[in-house]
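Asks: If you read the protein sequences in the order shown, they are chains F and G. Each residue of the first sequence is one higher than the last, beginning at 0 in numbering that gives the first Met the number 0. Each residue of the second sequence is one higher than the last, beginning at 0 in numbering that gives the first Met the number 0. All residues carry an ideal CB built from backbone N, CA and C; glycine is no exception.
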Amino acid sequence: MGLMIITNVILNQKPGMLLVEDGKIVSFVRELPPGSRARIFDGRGCHLLPGLIDAHVHLREPGFEYKETIKSGLEAAAAGGFGLVLAMANTRPVNDNASVTGFMLQKNMQSHPAGPYVHPVGALTRNLEGLELSPLAELKDSGCKAFSNDGIPVMDSELFRRAVEYASDLDMLVIDHCEDTYLARDGVMNEGRVSGYLGLKGIPSAAESLQVARDILLAAYLDTPIHLAHISCLESLELIAWAKDKSIPVTAETCPHYLLWNEEIVQGYNTMSKVNPPLRSKEDVLAMREAVKSGVIDIIATDHAPHADFEKEAPFAQAPNGISGLDTALALCLGLVRENILGLDDLIRLMSVSPGRIFNLPVNLFRKGDPADFILVDMEHEWLVTPEEMFSRGKNTPCMGQKLKGRVMAHFIKGQEILNRF
Amino acid sequence: MNWTHKDLLDIESLSIDEIRHIFHTSSSFIEINSRSIKKVPILKGKSVILFFAEPSTRTKTSFDMAAKRLSADSFSLASTGSSLQKGESLKDTVLTLEAMKPDAIVMRHNLSGSAGFIARHLKCSVLNAGDGWHAHPTQALLDGFTLSRVWDNNFQGKKLLILGDIAHSRVARSDMELFTKLGCHLRICAPRTLLPPGTTNWPVDVYSDLQKACQGVDAVISLRLQLERQEAGLLPHIREYASRFCLGQRHLKIAAPGVKILHPGPMNRGIEISSALADSGDSLILDQVESGVAVRMALLYLYLARPKHEQEIPEG
Numbered sequence: 000m001g002l003m004i005i006t007n008v009i010l011n012q013k014p015g016m017l018l019v020e021d022g023k024i025v026s027f028v029r030e031l032p033p034g035s036r037a038r039i040f041d042g043r044g045c046h047l048l049p050g051l052i053d054a055h056v057h058l059r060e061p062g063f064e065y066k067e068t069i070k071s072g073l074e075a076a077a078a079g080g081f082g083l084v085l086a087m088a089n090t091r092p093v094n095d096n097a098s099v100t101g102f103m104l105q106k107n108m109q110s111h112p113a114g115p116y117v118h119p120v121g122a123l124t125r126n127l128e129g130l131e132l133s134p135l136a137e138l139k140d141s142g143c144k145a146f147s148n149d150g151i152p153v154m155d156s157e158l159f160r161r162a163v164e165y166a167s168d169l170d171m172l173v174i175d176h177c178e179d180t181y182l183a184r185d186g187v188m189n190e191g192r193v194s195g196y197l198g199l200k201g202i203p204s205a206a207e208s209l210q211v212a213r214d215i216l217l218a219a220y221l222d223t224p225i226h227l228a229h230i231s232c233l234e235s236l237e238l239i240a241w242a243k244d245k246s247i248p249v250t251a252e253t254c255p256h257y258l259l260w261n262e263e264i265v266q267g268y269n270t271m272s273k274v275n276p277p278l279r280s281k282e283d284v285l286a287m288r289e290a291v292k293s294g295v296i297d298i299i300a301t302d303h304a305p306h307a308d309f310e311k312e313a314p315f316a317q318a319p320n321g322i323s324g325l326d327t328a329l330a331l332c333l334g335l336v337r338e339n340i341l342g343l344d345d346l347i348r349l350m351s352v353s354p355g356r357i358f359n360l361p362v363n364l365f366r367k368g369d370p371a372d373f374i375l376v377d378m379e380h381e382w383l384v385t386p387e388e389m390f391s392r393g394k395n396t397p398c399m400g401q402k403l404k405g406r407v408m409a410h411f412i413k414g415q416e417i418l419n420r421f
Numbered sequence: 000m001n002w003t004h005k006d007l008l009d010i011e012s013l014s015i016d017e018i019r020h021i022f023h024t025s026s027s028f029i030e031i032n033s034r035s036i037k038k039v040p041i042l043k044g045k046s047v048i049l050f051f052a053e054p055s056t057r058t059k060t061s062f063d064m065a066a067k068r069l070s071a072d073s074f075s076l077a078s079t080g081s082s083l084q085k086g087e088s089l090k091d092t093v094l095t096l097e098a099m100k101p102d103a104i105v106m107r108h109n110l111s112g113s114a115g116f117i118a119r120h121l122k123c124s125v126l127n128a129g130d131g132w133h134a135h136p137t138q139a140l141l142d143g144f145t146l147s148r149v150w151d152n153n154f155q156g157k158k159l160l161i162l163g164d165i166a167h168s169r170v171a172r173s174d175m176e177l178f179t180k181l182g183c184h185l186r187i188c189a190p191r192t193l194l195p196p197g198t199t200n201w202p203v204d205v206y207s208d209l210q211k212a213c214q215g216v217d218a219v220i221s222l223r224l225q226l227e228r229q230e231a232g233l234l235p236h237i238r239e240y241a242s243r244f245c246l247g248q249r250h251l252k253i254a255a256p257g258v259k260i261l262h263p264g265p266m267n268r269g270i271e272i273s274s275a276l277a278d279s280g281d282s283l284i285l286d287q288v289e290s291g292v293a294v295r296m297a298l299l300y301l302y303l304a305r306p307k308h309e310q311e312i313p314e315g
């Protein structure tokens, strides 16, 4: 591959052009270097952002290919601006051994050899049962980048402690889905005014914050990092802020839906809004917005959880939890930038730099030698969210039918074009 | 009145005028039900499916009798023995039923929101006969109609207490909506474990002491306590519940004169209501059952007789 120049783009508010060679960043310059022979790609005034990293997705394969496949999930990732995704282990069979991890990586290479790339997250416990540890070293050796019991949290604190210790030997991070399953039992939405009104069993925010507190205390006691998945409520944020103040090694993520919507959208038994943890109160959403700005929350992940239409077309309590997020996450978050809740630099930190740092993945900071993983974003491009526009098989999003602003127009991984909407 | 609703899902979507119109129409049917020949031909040729995916005796019988007295054909379907048990989705089940061209589906289901869910998928009328903990509009309407007969349609300022398992009660939610609309002052009384979250925002006064809750009340609706609440850890023991919340004559000494007692049934005598009180002259429990048939006749008439809704109820 020779020199490629992406002309007519904006990086950090500055217009210019990006020079890329052999899959790596060369430089960002104001003017074309004289006498350079290069392939030119016209960026048409788009903003240049690093490729996004999604630390939390469910790609459903193997086992639930009717909801999503690795191929369709990665198409959605490419279109949504994500070059790397961490895929959770609640497949069928569960990803608790080298053969499942290998299968996922092989599917990735078959469908998207030039990316986006899936990094499997190994099951923390065998078959996610919370009874004994998975072969964590085997999982790491076969390509897993982290471990988690996401979806079925480990309530046994002794087992969880040992898992964190064992993983730390391998230099691997444990991601915890913080939920006290006793407090959350049979719950289908946030406990509060709306659940009382609709006659739906609620999940109190304490079901999350109690386990956040447990994990923080364990991280401090063991002096070992723990990553807290999809944080949704104010009390959890207060605990995480306290932990960070004490330099306890916890990191935390949230999702676009906890920054955008509250429990009111469940009214009318809207199953598209059903997700776990549930959409919380207005006050929680405001606190979440502050926390992504201030750094109490380290990253925004999608918790992309695709489901088939017929599964969401059910009475509320029967519908599965989850929101399909890869196609829409960036556009939704750009809305927060337009409202001045976040700066574009915050968004890059939350959706690329920090997830890369936390999970030890290559990040593009647009310095010489960085991987040429980047996207061109048209901030003014308006588009309607329709089933046809979404690449994911899961059309389950509360923003279906809404007009979003901001779109990935082109996507490059290691200097190779994997999406071009121009 | 021009009845424009397709479905009856909850009380919230009814206006006060519509509620009063239902009461007015129900009165005519009370009269018909007192005749020796109780059948009128106004819904001849109409068909109604009674789809009860949860056990029910009185509501189902009441709807069945109401349909038959109006000369509609009613067909019963329970979840046991239906394809729901074979794993068919609710949507597929009701689309199958609708393909048989009923004019209405009356549904009882254990999940909140299920009536609204099927109504969105169906062109025929859906009458909610109870969905989970959410709503039981025909029960609330018959409770209201029962009290309208003894209170001569005057609800303004009346103090009404709902006693018992409010959290898990669709009757409580629909009654609260209805009686608040009609101008009553609502009170609820239950142990905190049986109160729904967010009651501080509701237009009701909350009591945990039954004696205090009964001070000056004009009517008490006592709710059935499901025995599984003890298993779920919400109560230490049914006996302890009864010692705190079983409504008896002694509680009503400080109630308003002429206080009335209602219960949606089926009763647990000695748990949520004393046996003596249930059988006393203050009890309207059997009047509720009688009103129930009339109210459901009125509803079937209003929902199914359209577009001929202006037609008069024929004289016997």
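1) With a threshold of 8 Å, are at least 3 pairs of Cβ atoms found where one atom belongs to the region 387-404 of chain F and the other to the region 347-362 of chain F?
2) Can you find a CB in chain G that lies within less than 8 Å of the CB of residue 194/F?
3) So that I know if they touch, is there some Cβ in chain G lying closer than 8 Å to that of residue 268/F?
4) Distance cutoff 8 Å, beta carbons only. Does residue 178/G sit that close to anything in chain F?
5) State the DSSP-derived secondary structure class of residue 83/F, mapped to helix, strand or coil.
6) So residue 82/F and residue 119/F are supposed to be a Cβ contact under 8 Å. How far apart are they, rounded?
7) With 7 Å as the limit, tell me which residues of the region 383-406 of chain F have their beta carbon closer than that to any beta carbon of chain G; keep them in chain order.
8) So if I threshold CB-CB distances at 9 Å, which residues from the region 194-216 of chain G count as touching chain B?
9) Anything in chain F within Cβ reach of residue 111/G, meaning under 8 Å, just list it in chain order.
10) Could you tell me whether any Cβ in chain F is nearer than 8 Å to the Cβ of residue 172/G?
11) Under 8 Å Cβ to Cβ from residue 156/F, same chain only, skipping five residues before and after it: list those, please.
12) I'd like to know if residue 296/G contacts chain F, where contact means its C-beta is closer than 8 Å to some C-beta of that chain.
13) Using the Cβ count rule (16 or more neighbours within 10 Å means buried), how would you classify residue 303/F?
14) For the region 132-150 of chain G, enumerate the residues whose C-beta is nearer than 7 Å to any C-beta of chain F, in chain order.
15) Are the C-beta atoms of residue 294/F and some chain G residue less than 8 Å apart?
16) So, are the CB atoms of residue 151/F and residue 103/F less than 8 Å apart?
17) Between the Cα of residue 176/F and those of 245/F, 227/F, 144/F, spot the shortest distance and give me the residue it belongs to.
18) Which of the residues in the region 70-92 of chain G, read from start to end, lie with their CB under 8 Å from any CB of chain F?
19) Against chain F, does residue 50/G count as a neighbour if the rule is that its beta carbon must be under 8 Å from one of theirs?
20) State yes or no: is the beta carbon of residue 264/G nearer than 8 Å to at least one beta carbon in chain F?
21) Taking the CB atoms as reference points, tell me whether residue 329/F and residue 407/F lie closer together than 8 Å.
22) Taking 7 Å as the limit between beta carbons, can you name the residues of its chain near residue 232/F, skipping five residues before and five after?
23) Should residue 13/F go down as buried or exposed, given a rule of 16 or more other Cβ atoms within 10 Å for buried?
24) With distances taken from CA atoms, which of 200/G, 122/G, 227/G is nearest residue 98/G?
25) Just verifying my parser: in three-state terms, what is the DSSP assignment at residue 45/F?
26) Does the Cβ of residue 222/F have 16 or more other Cβ atoms within 10 Å, making it buried, or fewer, making it exposed?
27) Strictly by DSSP, which residues pair up with residue 221/G?
28) So, at 8 Å on beta carbons, what are the nonlocal neighbours of residue 62/F in its own chain, with the 5 sequence-adjacent residues on each side left out?
29) Alpha carbon to alpha carbon, what distance is there between residue 86/G and residue 160/G?
30) Which complete alpha helix (DSSP H) runs does the region 274-361 of chain F hold, if anything under 4 residues is left out?
31) Please confirm if residue 114/F has its CB atom under 8 Å from at least one CB of chain G.
32) Under 8 Å, do residue 281/G and residue 259/G count as touching if we go by C-beta distance?
33) What is the C-beta distance between residue 261/G and residue 142/G, in whole angstroms, given that I count them as a contact (C-beta under 8 Å)?
34) Can you grab the Cα-Cα spacing for the pair residue 46/F / residue 10/F, in whole Å?
35) Does DSSP put residue 230/F in a helix, in a strand, or in coil?
36) Which residue marks the beginning of the beta strand (DSSP E) containing residue 130/G, and which one marks its end?
Replies: Taking the coordinates as given:
1) Result no; under three Cβ-Cβ pairs closer than 8 Å.
2) Here residue 194/F corresponds to residue number 195 of the first sequence, with the count starting at 1. At least one beta carbon of chain G lies nearer than 8 Å to the beta carbon of residue 194/F.
3) One-based indexing of the first sequence puts residue 268/F at position 269. Yes, residue 268/F lies at the interface with chain G (some Cβ there is under 8 Å from its Cβ).
4) The sequence position of residue 178/G within the second sequence is 179, counting from 1. Not closer than 8 Å to any Cβ of chain F, the Cβ of residue 178/G fails to qualify, so no.
5) Sequence index remark: in the first sequence, residue 83/F carries index 84 (1-based). Strand at residue 83/F.
6) Indexing the first sequence from 1 puts residue 82/F at position 83. Indexing the first sequence from 1 puts residue 119/F at position 120. In this structure residue 82/F does not touch residue 119/F by the C-beta definition: roughly 16 Å separates them, more than the 8 Å allowed.
7) Listed in chain order, the positions of the region 383-406 of chain F with a beta carbon within less than 7 Å of a beta carbon of chain G would be empty, since no residue qualifies.
8) Here the protein chains are F and G, and chain B is not one of them.
9) As a position in the second sequence, residue 111/G is number 112, starting the count at 1. Per Cβ cutoff of 8 Å: 197, 198, 199, 268, 314, 315, 316.
10) Indexing the second sequence from 1 puts residue 172/G at position 173. Judged by the 8 Å Cβ criterion, residue 172/G is in contact with chain F.
11) In the first sequence, counting from the first residue as 1, residue 156/F sits at position 157. Here the set comprises 213, 217.
12) In the second sequence, counting from the first residue as 1, residue 296/G sits at position 297. No, because no Cβ of chain F sits closer than 8 Å to the Cβ of residue 296/G.
13) As a working note, residue 303/F is residue 304 in the first sequence. Result: buried.
14) Of all residues in the region 132-150 of chain G, only 132, 133 come within less than 7 Å of chain F when Cβ atoms are compared, listed by chain position.
15) Mapped onto the first sequence, residue 294/F falls at position 295. Answer no: the Cβ-Cβ gap between residue 294/F and chain G never drops below 8 Å.
16) Here residue 151/F refers to the residue found at position 152 of the first sequence. Here residue 103/F refers to the residue found at position 104 of the first sequence. At the C-beta level, residue 151/F and residue 103/F stay beyond 8 Å of one another.
17) The sequence position of residue 176/F within the first sequence is 177, counting from 1. Selected option, being the one with the closest Cα: 227/F.
18) The residues in question are 88, 89, 90.
19) Residue mapping note: residue 50/G aligns to position 51 of the second sequence, counting from 1. With a threshold of 8 Å between beta carbons, residue 50/G makes no contact with chain F.
20) Here residue 264/G refers to the residue found at position 265 when the second sequence is read from its first residue. No, its Cβ sits nowhere closer than 8 Å to a Cβ of chain F.
21) Your numbering for residue 329/F matches position 330 in the first sequence. Your numbering for residue 407/F matches position 408 in the first sequence. A contact, by the Cβ cut-off of 8 Å.
22) In the first sequence, counting from the first residue as 1, residue 232/F sits at position 233. Counting only Cβ-Cβ distances below 7 Å, and skipping sequence neighbours, we find 204, 207, 208, 279, 283.
23) Taking the first residue of the first sequence as 1, we reach residue 13/F at position 14. Taking all protein chains in view, the Cβ of residue 13/F is surrounded by fewer than 16 other Cβ atoms within 10 Å, so the residue is classified as exposed.
24) The residue given as residue 98/G occupies position 99 in the second sequence. Ranked by Cα distance from residue 98/G, the options 200/G, 122/G, 227/G are led by 122/G.
25) As a working mapping, residue 45/F is identified with position 46 in the first sequence. Looking at residue 45/F - three-state DSSP - the assignment turns out to be strand.
26) Here residue 222/F corresponds to residue number 223 of the first sequence, with the count starting at 1. When all chains shown are included, residue 222/F counts as exposed.
27) Numbered from 1 along the second sequence, position 222 holds the residue referred to as residue 221/G. In DSSP, residue 221/G forms a bridge with 162/G.
28) Taking the first sequence and counting its residues from 1, one reaches residue 62/F at position 63. Counting only Cβ-Cβ distances below 8 Å, and skipping sequence neighbours, we find 90, 91, 92.
29) Residue numbering aside, residue 160/G sits at position 161 when the second sequence is read from its first letter. Residue numbering aside, residue 86/G sits at position 87 when the second sequence is read from its first letter. Residue 160/G and residue 86/G have their C-alpha atoms some 41 Å from each other.
30) Those alpha helix (DSSP H) runs which fall completely within the region 274-361 of chain F and span 4+ residues are 281-293, 308-311, 328-337, 343-347, 353-357.
31) Residue mapping note: residue 114/F aligns to position 115 of the first sequence, counting from 1. Using beta-carbon distances, residue 114/F does not count as an interface residue toward chain G, since no partner is under 8 Å.
32) On the second sequence, residue 281/G is found 282 positions in, with the first residue counted as 1. On the second sequence, residue 259/G is found 260 positions in, with the first residue counted as 1. Going by beta carbons, residue 281/G and residue 259/G fall inside the 8 Å limit.
33) Counting from one through the second sequence, the residue named residue 261/G turns up at place 262. Counting from one through the second sequence, the residue named residue 142/G turns up at place 143. Going by Cβ atoms, the distance from residue 261/G to residue 142/G rounds to 6 Å, so yes, they are a contact pair.
34) For this step, residue 46/F is matched to residue 47 along the first sequence. For this step, residue 10/F is matched to residue 11 along the first sequence. Rounded to the nearest whole angstrom, the CA to CA distance from residue 46/F to residue 10/F is 6 Å.
35) Locating residue 230/F in the first sequence gives position 231, counting from the first residue. Reduced to three states, the DSSP call for residue 230/F is coil.
36) Taking the first residue of the second sequence as 1, we reach residue 130/G at position 131. 124-130 is the extent of the beta strand (DSSP E) around residue 130/G.
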